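Please read the structure below before turning to the comments.
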Amino acid sequence: ILILLLAGSCTLSSTPTPEVSMLPEQVTSATIADVEELAGFDVREPSYLPTGVSFGSAAYQSTPNPFVILQFQLKHETYGDMGNFFQIVQERQSEAPADVLKCGEISEGCEILSINGISVVYHQNPAGTEGLDWYADGFVFRLLRTAGEPNKIYRDELIKVVESMK
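The numbering of the sequence shown is the numbering used here, which starts it at 8 and goes up by one.
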């Protein structure tokens, strides 16, 4: 079962992520508390967001492993509403998958960082997206940036988001 919760005035962009586009049911809400109740765990959310970025929506899926997706929107001062800027997935896992601990065979655009004493894998993808993956306290976290200014790298801003996760 997959449930989407939308903040009161926010809407999904015209290019939803695959996880969100497969939703069989939608419920409107203004808080993350609802997905926490469904998931049975505390959802970690960032206390820092880059300029123009705000919480957009939260989704929960129960199988195969319970996970939550937080979507964040970008309203850019020059480009206007850019839709889903990044998402953070939090998934319960008993151990860290190999891809969240190392760069793998393709190391170009990949870097292993230490953030708050935790190894975080940063990926700069050829398609212009960026991601950070890490494992902490029985959960895998994946942050994926899919929108933003053309040809701009948001690495430092995304690191600040991860540093602020509580």
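All C-beta atoms in this analysis are idealised placements derived from N, C-alpha and C, irrespective of residue type, glycine included. Quick caveat: nothing in here was measured; it's all calculated off a predicted structure.
Would you call the CB atoms of Q80 and S61 closer than 8 Å? Walking along the sequence shown from the start, residue 80 turns up at place 73. Walking along the sequence shown from the start, residue 61 turns up at place 54. Yes, the Cβ-Cβ distance between Q80 and S61 is below 8 Å.
Going by alpha carbons, who is nearest to E43 out of P57, I76, F148, T58? Counting from one through the sequence shown, the residue named residue 43 turns up at place 36. Comparing Cα-Cα distances from E43 to each of P57, I76, F148, T58, the minimum goes to I76.
Assumed close pair E98, N72 - CB separation to whole angstroms, cut-off 8 Å: In the sequence shown, counting from the first residue as 1, residue 98 sits at position 91. In the sequence shown, counting from the first residue as 1, residue 72 sits at position 65. Indeed, because the Cβ distance is near 5 Å, the residues count as touching under 8 Å.
In chain order, what residues of the same chain lie with their CB nearer than 6 Å to the CB of G100, ignoring the 5 residues before and after it? Translated into the one-based positions of the sequence shown, residue 100 becomes position 93. Note on identity: in this sequence residue 100 is Gln, with Gly being the wrong assignment. The residues are V147.
Please determine, among K82, G47, G90, the residue with the shortest C-alpha to C-alpha distance to F74. One-based indexing of the sequence shown puts residue 74 at position 67. The shortest Cα separation from F74 among K82, G47, G90 belongs to G47.
Could you tell me whether the Cβ of G111 comes closer than 8 Å to any Cβ of chain B? The chain labelled as chain B is not found in the depicted structure, where only one protein chain is given.
Looking at C-alpha atoms only, which residue of L139, N132, D106 is the closest neighbour of L120? Mapped onto the sequence shown, residue 120 falls at position 113. Nearest C-alpha to L120: L139.
Could you check what DSSP says for R99 in three-state terms: helix, strand or coil? Residue 99 sits at position 92 when you count from the first residue of the sequence shown. The answer is strand: DSSP assigns R99 an E or B state.
For V128 versus K159, is the C-beta spacing smaller than 8 Å? Residue 128 sits at position 121 when you count from the first residue of the sequence shown. Residue 159 sits at position 152 when you count from the first residue of the sequence shown. Cβ atoms of V128 and K159: not closer than 8 Å.
For the beta strand (DSSP E) containing R162, list its first residue and its last residue. Counting from 1 along the sequence shown, the entry for residue 162 is found at position 155. Segment 162-170 is the alpha helix (DSSP H) holding R162; no beta strand (DSSP E) there.
Looking at the structure shown, is A40 part of a helix, part of a strand, or coil, going by DSSP? Position 33 of the sequence shown, counting from 1, holds the residue named residue 40. Helix.
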